[in-house]
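Numbering (our numbering), first residue to last: 761 to 947. Just so it is clear, CB atoms sit at the ideal spot from N, CA and C, and this is done for glycine as well. Scroll down for the structure; my scribbles are underneath it.
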C-alpha cells in the first residue's frame with residue numbers, strides 16, 4: 761500500500777492491516793513514513809477509529825479536529841499534554857489507559873447496518889477484564905483486618921476488596937489505600 765513500506769519489513773503486515781481498516785493512511789505521495797513521530801491528530805484518529813467512533817468524528821468536523829473533539833468527548837485525552845504536536849510514549853500510554861474503559865461501537869453488517877454503543881469496554885468484551893475500585897487490605901506480610909476475617913496473600917499477591925489477586929505490585933505503602941485495579945473475570 762505504501763511506497764516506503766516493503767513486504768520484507770517486520771511491521772509491514774501490521775501497517776497494511778491498519779490501512780485496510782482505515783486506522784492509518786499515507787501522505788499525498790503514497791508514503792507511510794514509518795520513521796516519523798506520530799502526531800497528536802494522528803493518534804486521536806487511530807483511537808477514535810479503533811473504538812468505532814469514526815462516524816461520530818466525521819459528523820463533528822472530520823479530519824483532524826472532529827477526531828480530536830471526539831477523543832476529548834470520550835475522555836481519552838484526560839491528562840494528556842496536548843500542547844505538543846508530536847506524541848510522546850507517555851502521551852500515547854495515557855491515551856491507551858484512558859481508552860480502556862470507553863464503550864466501543866459495535867457495527868453490524870449487511871443491508872441494514874446498525875451501530876450499537878456497547879455497555880462494555882473493549883477489555884470486558886474481548887478479554888474478560890473488568891475494572892474494580894476497592895481498598896488494599898493485605899499483602900504477603902500482613903492484613904489490615906488481622907486474623908478477624910482477613911484473607912492471607914502469598915508472595916506476588918494482594919488482598920483487594922476481600923479477594924486475593926495475583927499482582928506485580930506488593931508494596932506495604934498500598935495497604936489501606938483505595939485503588940482502581942483491573943482483574944480477569946470468570947465467564
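Next on the checklist: Starting from residue 882, trace the alpha helix (DSSP H) in both directions and tell me its first and last residue.
Outcome noted: 882-887
Next on the checklist: For residue 915, tell me which candidate among 905, 927, 770 and 922 has the shortest Cα-Cα distance.
Outcome noted: 927
Item to check | Contacts around residue 876, its chain only, beta-carbon distance under 6 Å, and the 5 residues preceding and following it disregarded | outcome: Excluding residues within five positions, the ones whose Cβ falls inside 6 Å are 866.
Item to check | Cβ-Cβ separation, residue 881 to residue 943 (assumed contact under 8 Å), whole Å | outcome: In fact, because the Cβ distance is near 13 Å, the residues do not count as touching under 8 Å.
Item to check | Segment limits, beta strand (DSSP E) that includes residue 743 | outcome: Beyond the ends of the chain as shown, which are 761 and 947, falls residue 743; an answer cannot be given.
Item to check | Exposure label - residue 830; buried when at least 16 CB within 10 Å | outcome: buried
Next on the checklist: Judging by CA-CA distance, which residue of 817, 823, 803 and 834 is the nearest neighbour of residue 847?
Outcome noted: 803
Checklist entry - In this structure, what does DSSP give as the bridge partners for residue 920? => result 896 and 923
Next on the checklist: Between the alpha carbons of residue 780 and residue 860, how many angstroms are there, rounded?
Outcome noted: Whole-angstrom Cα-Cα distance: 23 Å.
Item to check | Residue from 917, 896, 923 and 940 with nearest C-alpha to residue 933 | outcome: 896
Item to check | Cβ shell of residue 808 (< 7 Å), same chain only, five flanking positions each side left out | outcome: 814, 817, 827, 830 and 831
Checklist entry - What does a CB cutoff of less than 7 Å around residue 776 pick up in its chain, not counting 5 residues either side in sequence? => result Correct list, in chain order: 761.
Next on the checklist: Helix, strand or coil, according to DSSP, for residue 799 in the structure here?
Outcome noted: strand
Checklist entry - Leaving out five residues before and five after residue 900 in sequence, what residues of the same chain have Cβ atoms less than 8 Å from its Cβ? => result 913, 914, 915, 916, 917 and 930
Item to check | Residues of its chain near residue 893, where Cβ-Cβ distance is below 6 Å and the 5 sequence neighbours each way are ignored | outcome: 940
Next on the checklist: Quick check: does the Cβ of residue 887 come within less than 8 Å of any heavy atom belonging to the ligand ZN?
Outcome noted: For the structure depicted, the ligand ZN is absent and the ligand set is empty, with no information on it obtainable.
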